[in-house]
Amino acid sequence: MLEKETYSQLFKWSFSKKTQVTYWDGTVKEYGQGSGDPVFKIVFNEKIPV
Numbered sequence: 001m002l003e004k005e006t007y008s009q010l011f012k013w014s015f016s017k018k019t020q021v022t023y024w025d026g027t028v029k030e031y032g033q034g035s036g037d038p039v040f041k042i043v044f045n046e047k048i049p050v
């Protein structure tokens with residue numbers, strides 16, 4: 001759980017365009033600004049230690 005919180009804090013300020021992140025457990029969060037569909041999609045298939 002700590003890894004996901006760390007990523008969330010990092011991604012919160014990392015994107016100016018709307019970005020969708022799918023985590024290894026299927027959770028989907030959107031970061032950045034904009035309306036409509038996300039410009040970028042990032043998928044984590046497994047945990048990456050931080």
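Counting from 1, position 36 in the sequence shown corresponds to residue 36 in full-length UniProt numbering; the numbering is continuous, with no gaps. Don't be surprised by glycine CBs; every beta carbon is placed ideally from N, CA and C. Bear in mind that the values here come from a model prediction, so they are computed numbers and not experimental data.
{"Asked": "Out of Phe15, Leu2, Phe11 and Tyr7, state which residue places its alpha-carbon closest to the alpha-carbon of glycine 34.", "Found": "Phe15"}
{"Asked": "Under the rule that 16 or more other beta-carbon atoms within 10 Å means buried, what is residue 61, buried or exposed?", "Found": "Since the first residue of the chain shown is 1 and the last is 50, residue 61 is not available in this structure."}
{"Asked": "Locate the alpha helix (DSSP H) running through lysine 12, then write down its first and last residues.", "Found": "2-12"}
{"Asked": "If you draw a straight line from the C-alpha of valine 28 to the C-alpha of valine 43, how long is it?", "Found": "9 Å"}
{"Asked": "Pull up the distance between the alpha-carbon of glutamate 2 and that of threonine 22, whole angstroms please.", "Found": "Correcting the residue identity first, residue 2 is leucine in this sequence and not glutamate. Going from the Cα of leucine 2 to the Cα of threonine 22 covers about 16 Å."}
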